[in-house]
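Q: Sending over a structure as structure tokens; questions will come in a sec.
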Amino acid sequence: MAEAIRAGGGEVVDLAEAEALVWGDSRGADALAEALADAEEIRWVHLTVAGIEAFAELVDDGRLWTCGKGVYAEPVAEMALTLALAGMRGLGTFARATSWNEAGGRNLFGARVTVLGGGGITEALLRLLRPFDCHVTVVRNRVQEMDGADVVIEADRYPDCLPGADLVVLALPLTPDTEGMIARGELEMMEPHAWLVNVARGRLIDTDDLVTALQSNVIGGAALDVTEPEPLPDAHPLWTLPNCIITPHTANNPEMAAPLSVGRITENVHLFAKGEDLIGPVHVELGY
Numbered sequence: 000m001a002e003a004i005r006a007g008g009g010e011v012v013d014l015a016e017a018e019a020l021v022w023g024d025s026r027g028a029d030a031l032a033e034a035l036a037d038a039e040e041i042r043w044v045h046l047t048v049a050g051i052e053a054f055a056e057l058v059d060d061g062r063l064w065t066c067g068k069g070v071y072a073e074p075v076a077e078m079a080l081t082l083a084l085a086g087m088r089g090l091g092t093f094a095r096a097t098s099w100n101e102a103g104g105r106n107l108f109g110a111r112v113t114v115l116g117g118g119g120i121t122e123a124l125l126r127l128l129r130p131f132d133c134h135v136t137v138v139r140n141r142v143q144e145m146d147g148a149d150v151v152i153e154a155d156r157y158p159d160c161l162p163g164a165d166l167v168v169l170a171l172p173l174t175p176d177t178e179g180m181i182a183r184g185e186l187e188m189m190e191p192h193a194w195l196v197n198v199a200r201g202r203l204i205d206t207d208d209l210v211t212a213l214q215s216n217v218i219g220g221a222a223l224d225v226t227e228p229e230p231l232p233d234a235h236p237l238w239t240l241p242n243c244i245i246t247p248h249t250a251n252n253p254e255m256a257a258p259l260s261v262g263r264i265t266e267n268v269h270l271f272a273k274g275e276d277l278i279g280p281v282h283v284e285l286g287y
């Protein structure tokens, strides 16, 4: 991070002299609060994480705040596509098998896809989905046209987009409004063959309701890169369900993230020095 700051034309100094702070501890909200309490001159705080829920109580209008949202979009979108294909084509079941199984699975080609969230991950996923000729509905806070989306609708109408979808992808921030947004009622709205992919935050889904839905084949399956709780305990029933695929929050691993994060820091330091708008601003009123 120090090299990234210098590459952007900045200088690494003691906290007491700093105008800006780059914070790389994803769970260090208490430490950040302590640092800011003794650093009145800091006008800009950059959080390297994309999801800022751990820091939401600290974000205010007194300073500029940016985060890593959007910078990790491509690797996370790639994982979303990977999980979607693995689930829909039955790879989880086949990989666990110890004998030759009957054929199964569904095509992503021509499928109806609903994506909850309209940020950078969704933009990257729409590009990846283009060759599959899907019908894609995007649900987002601010309705606007998106390249690759057939329909874009308001966030509060997301339940309307679950029936009829072959694939539902969660790619949106965790906020008080989105926590537990996929629970029993929403799962029962989904098609019996539909797959649910979560590359955002585990707490978007009610885990107990998801377990029940998977055990009862209410939906086709779930592919999760994030869970609640996380890490998922060894004895948790999700591990043994044949219609559930779990990856250990690895859609954006450190090797992928580091160069992307460094680039964002460098660019924003350069913009900050010029007094221009920064990339990845945190919207205080929205909490992300």
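Residue numbers (numbering that gives the first Met the number 0): 0 to 287. Built from N, CA and C at the ideal position, the CB exists for glycine as well. Note that this is a predicted model, so its numbers are computed, not measured.
1) Relative to the C-alpha of D149, which residue among R126, W64, A170 and D59 is closest?
2) Near A250, what residues of its chain come up, given a Cβ to Cβ distance below 7 Å and the 5 sequence neighbours on each side ignored?
3) If we ignore side chains and look at the alpha-carbon of each, how far apart do E258 and L166 end up?
4) Mark A72 as exposed unless 16 or more other C-beta atoms lie within 10 angstroms of its C-beta, in which case mark it buried.
5) Are P172 and G116 closer than 9 Å when you measure CB to CB?
6) Secondary structure at E185, three-state DSSP: helix, strand or coil?
7) Could you name the residues of the same chain whose beta carbon sits closer than 8 Å to that of G184, not counting the 5 residues immediately before and after it, in chain order?
8) Among V48, I41 and V283, which residue has its Cα nearest to the Cα of P253?
9) For V142 and I152, I'd like the C-alpha separation in whole angstroms.
10) Going by C-alpha distance, which of D37, A234, N100 and L231 is nearest A15?
11) What are the residues that DSSP puts in a beta bridge with R139?
12) Please check the pair I218 and A182, which I expect to be a contact at CB under 8 Å, by giving their CB distance rounded to whole angstroms.
13) Which residues does DSSP list as the beta-bridge partners of W293?
14) Does the pairing of the stretch 6-13 with the stretch 265-282 give three or more beta-carbon distances under 8 Å?
15) Let's test the definition: count the other Cβ atoms within 10 Å of the Cβ of K273 and tell me whether it reaches 16, buried, or not, exposed.
16) With a threshold of 16 other CB atoms inside 10 Å of the CB of T97, please say whether the residue is buried or exposed.
17) Would P247 pass as a contact of P232 if the rule is Cβ separation under 9 Å?
18) Quick check: what's the CA-CA separation for I41 versus L57?
19) Determine whether the beta carbon atoms of G119 and V135 lie at a separation below 9 Å.
20) Identify, in the order they occur along the chain, each residue of the same chain with its Cβ nearer than 7 Å to the Cβ of S260, setting aside the five sequence neighbours on each side.
21) Output the residue ranges of the beta strand (DSSP E) runs that lie fully inside the stretch 56-139 and measure 3 residues or longer, sorted by chain position.
22) Closest by CA to P241, which one among L213, A256, H235 and E227?
23) Let me check one thing: in DSSP terms, what residues is W194 bridge-paired to?
24) Roughly how many angstroms lie between the CA atoms of N140 and E101, to the nearest whole one?
25) In terms of residues, what are the limits of the beta strand (DSSP E) holding I4?
26) From the DSSP output, in three-state form, read off I244 for me.
27) Please state whether DSSP places I41 in a helix, a strand or coil.
28) For the putative contact between V168 and V114, defined by C-beta atoms under 8 Å, what is the C-beta separation to the nearest angstrom?
29) For A30, is the classification buried or exposed, using 16 other Cβ atoms within 10 angstroms of its Cβ as the cut-off for buried?
A: From the atom records:
1) R126
2) P74, V75, M78, V198 and D224
3) Position check: residue 258 holds Pro in this sequence, whereas Glu was assumed. Each residue's Cα considered, the two are about 31 Å apart.
4) buried
5) yes
6) helix
7) P158
8) V48
9) 6 Å
10) D37
11) E153
12) About 13 Å; that fails the 8 Å criterion.
13) Look at the range of the chain in this structure, 0 to 287, and you will see that residue 293 is not part of it.
14) yes
15) exposed
16) exposed
17) no
18) 14 Å
19) no
20) T47, G67 and V70
21) 63-65, 111-115 and 134-139
22) L213
23) L166 and G220
24) 43 Å
25) Run containing I4: none in the beta strand (DSSP E); it sits in the alpha helix (DSSP H), A1 to A6.
26) strand
27) coil
28) 5 Å
29) exposed
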